[in-house]
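>
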Ligand SMILES: [Zn+2]
């Protein structure tokens, strides 16, 4: 079955998080009726992003260069390595301005039922990165959801087995929350009070 252009646009918009049938329709009609010029620009921006944005080879966050800006910055504190689930979580931590170490981005969290295991989140790469000389503390800043907690637990054990110290963001970040949606003050606090 092939969709007409309008249906196809709506179906594509529905792939975005939080966008259901109604919002997708609203966006499509809005663009067609009020902002046609934005349509090719949007298409161009999407194509450019998909082509240019890759992953930093060191921390796995999004980056247009082989090394992201954080990994390429020699002024950061090499003793600290903060593990987050997503580039959005990393951005949230960066916005607090209270963390000066480096990152490792899992690009997910353990979820065996969805086929996400230790290989998919790059545990081997993380362990190698954490074992590099100079790293003194690995801060586990995975989300406070059941899967985020399970991921932190597995990482703690794997790091411990290699004699690497890890800490966890302090509670205070509400249970069940994704870091990117938590206010900056709370994240900064959870970072300072880590244990
Ligand atoms: Zn990086």
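Residue numbers (full-length UniProt numbering): 1 to 195. In this text, a Cβ means the ideal position worked out from N, Cα and C, and glycines have one as well.
Could you tell me which residues DSSP pairs with residue 258 in its beta bridges?
The structure shown does not extend to residue 258, since the chain is modelled only from 1 through 195, so no value can be given for it.
> For residue 23, does the three-state DSSP call read helix, strand or coil?
Walking along the chain shown from the start, residue 23 turns up at place 23. Helix at residue 23.
> Does DSSP put residue 136 in a helix, in a strand, or in coil?
Reading the chain shown from its first residue, position 136 is the one you call residue 136. In this structure, residue 136 counts as coil in the three-state DSSP scheme.
> Between the beta-carbon of residue 70 and the beta-carbon of residue 155, is there less than 9 Å?
Within the chain shown, the letter at position 70 stands for residue 70. Within the chain shown, the letter at position 155 stands for residue 155. Contact flag unset, no.
> Indicate, with yes or no, if ligand 1 has a heavy atom lying under 8 Å from the CB of residue 81.
Reading the chain shown from its first residue, position 81 is the one you call residue 81. Every heavy atom of ligand 1 is 8 Å or more from the Cβ of residue 81, so no.
> Name the two residues that bound the continuous alpha helix (DSSP H) containing residue 8.
Walking along the chain shown from the start, residue 8 turns up at place 8. First-last of the alpha helix (DSSP H) with residue 8: 5–13.
> Alpha carbon to alpha carbon, how far is residue 16 from residue 29? Give it in angstroms, no decimals.
Here the question's residue 29 lines up with position 29 in the chain shown. Here the question's residue 16 lines up with position 16 in the chain shown. Roughly 17 Å between the two C-alpha positions.
> Taking 8 Å as the cut-off, is the CB of residue 99 close to at least one heavy atom of ligand 1?
Here residue 99 corresponds to residue number 99 of the chain shown, with the count starting at 1. No, ligand 1 has no heavy atom inside 8 Å of this Cβ.
> Quick check on the burial criterion: 16 or more other C-beta atoms within 10 angstroms. Buried or exposed for residue 105?
Walking along the chain shown from the start, residue 105 turns up at place 105. Buried, by the Cβ-count rule.
> Tell me which same chain residues have a C-beta within less than 8 Å of the C-beta of residue 67, skipping the five on either side of it?
Locating residue 67 in the chain shown gives position 67, counting from the first residue. For residue 67, where only same-chain residues beyond five positions count, the Cβ hits under 8 Å are 56, 57, 58.
> With DSSP run on the structure shown, which of helix, strand or coil describes residue 101?
One-based indexing of the chain shown puts residue 101 at position 101. Residue 101: strand per DSSP, three-state reduction.
> Could you give the DSSP three-state label for residue 67: helix, strand or coil?
Locating residue 67 in the chain shown gives position 67, counting from the first residue. Residue 67: coil per DSSP, three-state reduction.
> Check whether the region 173–182 and the region 88–108 are in contact - that is, three or more C-beta pairs closer than 8 Å.
Contact between the region 173–182 and the region 88–108 is present, because at least three Cβ pairs lie under 8 Å.
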